[in-house]
Every structure is written in C-alpha cells, then in structure tokens.
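132 is the number that the UniProt record's numbering gives to position 132 of the sequence shown; each next residue is one higher, with no gaps. A virtual CB, placed ideally from N, CA and C, is assigned to each residue, including glycine.
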Amino acid sequence: MTDSEKTLVSSEPPVAPEIEAPTVGKPVSPAGPPPPSSSASNDTQRKLLKALKATDYNIERLDRLLSTAYGQERVFAATGYLTHALHHLITSAPWIAVQTRLGLLARLKNRTKSTRNTTAPSSSPQSRLLALSSLMSETRYTIRLLGLVPLWTWGSATLKSPPSDPIIRNLTLAQVAVNMVYQFLENVGYLASKGVISKKWIDRWGGINKWYLWSIRAWFGHIIFQFFVLWRQVVLRRRKIASNPAEAQTKEGQEELRAEIRAWKKALVNNVCWAPLCLHWCFENGVGIPDSLSGVISFMAGAWGFYDLWAATAKS
1 MTDSEKTLVS SEPPVAPEIE APTVGKPVSP AGPPPPSSSA SNDTQRKLLK
51 ALKATDYNIE RLDRLLSTAY GQERVFAATG YLTHALHHLI TSAPWIAVQT
101 RLGLLARLKN RTKSTRNTTA PSSSPQSRLL ALSSLMSETR YTIRLLGLVP
151 LWTWGSATLK SPPSDPIIRN LTLAQVAVNM VYQFLENVGY LASKGVISKK
201 WIDRWGGINK WYLWSIRAWF GHIIFQFFVL WRQVVLRRRK IASNPAEAQT
251 KEGQEELRAE IRAWKKALVN NVCWAPLCLH WCFENGVGIP DSLSGVISFM
301 AGAWGFYDLW AATAKS
C-alpha cells in the first residue's frame with residue numbers, strides 16, 4: 001500500500017575554454033585553502049531527517065494496525081506464513097544449488113583454488129525462521145480461545161437482523177454453526193495439548209489429532225458454504241442491476257458497484273486459496289500438497305486483506 005529530469009542542451013556551437021596564463025609571483029594566502037562547503041553535511045542532515053520522519057510515520061501506521069485485535073491477529077498470521085515460506089525457500093535444494101554456484105563463481109573470480117572438501121550449508125531441523133513461525137501459530141491458537149464469543153455475536157446479529165434473501169440467511173446461519181463447531185473442537189484440542197484438559201478424556205474420543213482433524217473438517221464446511229454465498233451474491237447483484245439500470249449508471253451507483261465487486265473478488269481469492277489447503281488438512285495423509293507450500297498459499301489467501309488493512313492506516 002518521479003518526476004523525470006530534463007537536460008537542456010544549448011544550440012550554440014561549443015566554445016573552447018579559456019586558458020589562463022600561469023600566474024607568477026602571486027602570493028599564497030597564509031590561511032591556506034578555503035574550508036570545504038557545508039552543503040554536503042546539510043544534505044546528509046536533510047536525508048537523515050527525511051528518513052526519521054518516514055520511520056515515524058510508518059510506526060504510527062503500524063500502531064493503528066495493532067490497535068485492534070483483528071489487526072494484531074493479521075500481523076501474527078502474515079509473520080508466521082512468511083517465515084514458514086522463507087524457511088523452506090532457504091533450505092530448498094534449488095536455493096542451496098544457487099548458493100553453491102555463487103560461491104564457486106566468487107572463488108574463481110578471486111582466483112583461489114577450491115578445496116575438495118566443501119562444507120555443506122548448515123541446516124538445523126528447527127531453524128530460527130521455523131521457530132518464529134511456530135511461535136506465531138501458537139500465539140494465534142491462544143488468541144482464538146476466545147473465538148466463540150464473536151461467533152456467537154455473529155449468529156445473534158444474523159437472527160436479529162437477517163439478510164433479506166432467504167438463501168443468504170440460511171447459508172450464513174450454516175456458516176455460523178460449522179464455525180462454532182470448528183472453534184470448539186480446536187479449543188479443546190489445544191487446551192489438551194497444553195495439559196489444561198485431561199488427555200485421558202480426549203483419548204476416549206480419538207485423541208488430540210482427531211479433534212484437530214474434525215475441527216479442520218468443520219472449517220472446510222465453512223469454505224464450501226462460502227462458495228455458495230459468493231455465487232448467490234452474483235445472482236442478486238445481476239438482478240439489482242437489471243431491475244434498476246438507471247441507478248447503476250449514476251456516479252454513486254458505479255462507485256458502489258465497484259466497491260462491491262472488489263470485496264467479492266477479495267473474498268473469492270481468499271476462498272480459492274484456502275480450499276485446496278484445507279482439503280489437504282482434512283485427511284490424515286493429505287492430498288499431496290507439500291508442507292513447503294502451505295506458508296505461501298496461506299499468505300496468498302490473506303495478502304489482499306492485509307494490504308487493505310495497511311492502506312486503511314494511511315487514511316486514519
């Protein structure tokens with residue numbers, strides 16, 4: 001979330017520079033050469049001040065972003081997804097091959113003989129990036145322990161002020177139901193993994209992994225319902241335009257339509273990215289999506305929304 005420089009070229013023919021005659025016998029100033037101009041130091045100070053102002057402005061925007069619980073969760077999510085993706089990028093075979101080739105080119109350029117015993121790049125099973133990603137994920141699990149409260153509010157608001165379209169209303173209530181199941185199962189599994197809930201009781205119902213598995217399946221139900229919601233929104237939007245085409249041609253109508261279509265596309269991108277990844281997690285052995293791509297796909301799902309959140313901080 002530059003002005004081009006123009007060079008003025010004179011049309012007059014070049015004039016040979018005047019050559020001054022050597023001065024003989026001119027006295028030299030006892031004070032020595034004049035002191036250097038302070039323009040360079042002033043320019044450095046201006047650049048430093050500009051950098052400090054830009055840093056202060058961006059920190060203020062970050063503070064606005066972190067001032068809400070949703071903004072904090074999104075920052076944790078983006079950090080976790082990016083560090084997970086970077087970890088797998090750095091430890092991937094193509095990246096290691098590129099590093100090896102660059103090292104060989106550097107040695108050849110310096111005309112140094114390469115030794116036979118080349119040291120392989122060190123790779124720990126739990127790198128710092130992966131550790132940070134795990135920390136961000138665990139932090140989000142902890143934050144979502146309170147997730148049933150906003151889900152209850154969502155369902156209550158839907159019942160008190162239901163959407164005018166009955167299909168959208170039923171789909172929304174179905175999403176509330178499966179999300180509450182998902183959040184409850186995840187909370188129980190997470191608390192059991194931390195020793196808050198007895199694991200013996202959880203083991204009677206399949207163990208912690210089973211609870212996590214069914215929570216993901218409930219979340220996948222939300223994703224399926226969301227595709228139907230997006231389809232229904234397209235149908236309703238077309239009906240609205242057809243019923244009142246004159247209003248759609250006005251400036252306000254076009255702006256409203258553009259905003260509505262943009263929000264619809266953002267929701268579609270989010271759902272399309274999450275669908276295959278969530279389907280992969282619904283099965284114990286997955287459906288073939290490598291773990292190295294989960295961070296990239298997860299970040300892509302929320303990148304548009306995070307961009308809008310960051311852009312909104314500049315308007316505050």
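Is the segment 179 to 186 close to the segment 213 to 220, with three or more CB pairs under 8 angstroms?
yes
Starting from residue 289 and walking both ways along the alpha helix (DSSP H), at which residues does that stretch end?
Numbered from 1 along the sequence shown, position 289 holds the residue referred to as residue 289. Where residue 289 is concerned, there is no enclosing alpha helix (DSSP H), given that its DSSP letter is neither H nor E.
Check whether the segment 230 to 238 and the segment 190 to 205 are in contact - that is, three or more C-beta pairs closer than 8 angstroms.
no
Cβ pair residue 292, residue 277 closer than 8 angstroms:
Here residue 292 refers to the residue found at position 292 when the sequence shown is read from its first residue. Here residue 277 refers to the residue found at position 277 when the sequence shown is read from its first residue. No; because the gap between Cβ atoms is not below 8 angstroms, this pair is not in contact.
Once the 5 residues before and after residue 286 are set aside, which same chain residues still bring their CB inside 7 angstroms of it?
By one-based count along the sequence shown, residue 286 stands at place 286. So the list reads 280, once near-sequence residues are dropped.
Does the segment 174 to 183 come into contact with the segment 134 to 154, if we say contact requires no fewer than three beta-carbon pairs (one atom in each stretch) closer than 8 angstroms?
yes
Does residue 59 come out as helix, strand or coil in the three-state DSSP assignment?
Locating residue 59 in the sequence shown gives position 59, where the first residue counts as 1. If DSSP states are grouped into helix, strand and coil, residue 59 belongs with the helices.
Three-way DSSP call (helix, strand, coil) for residue 300 in this model:
Here residue 300 corresponds to residue number 300 of the sequence shown, with the count starting at 1. Correct three-state label for residue 300: helix.
Residue burial classification, residue 114 (beta-carbon count within 10 angstroms, cutoff 16):
Counting from 1 along the sequence shown, the entry for residue 114 is found at position 114. Its pLDDT being 46, under 50, residue 114 is placed unreliably in this model, and the value from its coordinates should be taken loosely. Classification of residue 114: exposed, given that the 10 Å Cβ count is below 16.
Classify residue 194 as helix, strand or coil using the three-state DSSP reduction.
Here the question's residue 194 lines up with position 194 in the sequence shown. Coil, per DSSP.
Going by C-alpha distance, which of 206, 68, 198, 141 is nearest residue 284?
The residue you call residue 284 lines up with position 284 of the sequence shown. With distances taken between Cα atoms, residue 284 lies closest to 206.
Identify every run of the beta strand (DSSP E) within the segment 221 to 296, keeping only runs that are complete inside it and at least 3 residues long; order them along the chain.
none
Considering Cα atoms alone, identify which of 282, 301, 82, 222 is closest to residue 213.
The count along the sequence shown starts at 1 and reaches residue 213 at position 213. Nearest C-alpha to residue 213: 282.
Straight-line Cα distance separating residue 260 from residue 247
As a working mapping, residue 247 is identified with position 247 in the sequence shown. As a working mapping, residue 260 is identified with position 260 in the sequence shown. Distance between the alpha carbons of residue 247 and residue 260: 15 angstroms.
As assigned by DSSP and simplified to three states, the class of residue 205
Walking along the sequence shown from the start, residue 205 turns up at place 205. Reduced to three states, the DSSP call for residue 205 is coil.
What whole-angstrom Cβ distance do residue 84 and residue 135 have, given they're in contact under 8 angstroms?
If you number the sequence shown from 1, residue 84 lands on position 84. If you number the sequence shown from 1, residue 135 lands on position 135. Going by Cβ atoms, the distance from residue 84 to residue 135 rounds to 11 angstroms, so no, they are not a contact pair.
Can the beta-carbon of residue 317 be found closer than 8 angstroms to that of residue 78?
Past the edges of the chain, shown from 1 to 316, lies residue 317, and the structure says nothing about it.
Looking only at its own chain, which residues have a Cβ that is under 7 angstroms from the Cβ of residue 73, when we skip the five neighbours before and after it?
If you number the sequence shown from 1, residue 73 lands on position 73. 140, 143, listed in sequence order.
Can you name, in chain order, every residue of its own chain whose Cβ lies under 6 angstroms from the Cβ of residue 313, other than the five neighbours on each side?
Working through the sequence shown from its first residue, we reach residue 313 at position 313. For residue 313, where only same-chain residues beyond five positions count, the Cβ hits under 6 angstroms are 61, 64, 65.
Under three-state DSSP, which class holds residue 170?
Working through the sequence shown from its first residue, we reach residue 170 at position 170. Reduced to three states, the DSSP call for residue 170 is helix.
N-terminal and C-terminal residue of the alpha helix (DSSP H) that residue 150 is part of
Within the sequence shown, numbered from 1, the residue matching residue 150 stands at position 150. Here the alpha helix (DSSP H) through residue 150 covers 148 to 160.
Specify the secondary structure class of residue 165 as computed by DSSP and reduced to three states.
For the purposes of this step, residue 165 is taken as the residue at position 165 of the sequence shown. Looking at residue 165 - three-state DSSP - the assignment turns out to be coil, as it is neither helix nor strand.
Taking only the alpha-carbon atoms, compute the straight-line gap between residue 180 and residue 159 and give it to the nearest angstrom.
Counting from one through the sequence shown, the residue named residue 180 turns up at place 180. Counting from one through the sequence shown, the residue named residue 159 turns up at place 159. Straight-line Cα distance between these residues: approximately 15 angstroms.
Measure the Cβ-Cβ separation of residue 304 and residue 266 and say whether it is below 8 angstroms.
Mapped onto the sequence shown, residue 304 falls at position 304. Mapped onto the sequence shown, residue 266 falls at position 266. In this structure, residue 266 lies closer than 8 angstroms to residue 304 by Cβ.
DSSP on residue 67, reduced to helix/strand/coil?
What you label residue 67 is simply residue 67 of the sequence shown in a count that begins at 1. Coil, per DSSP.
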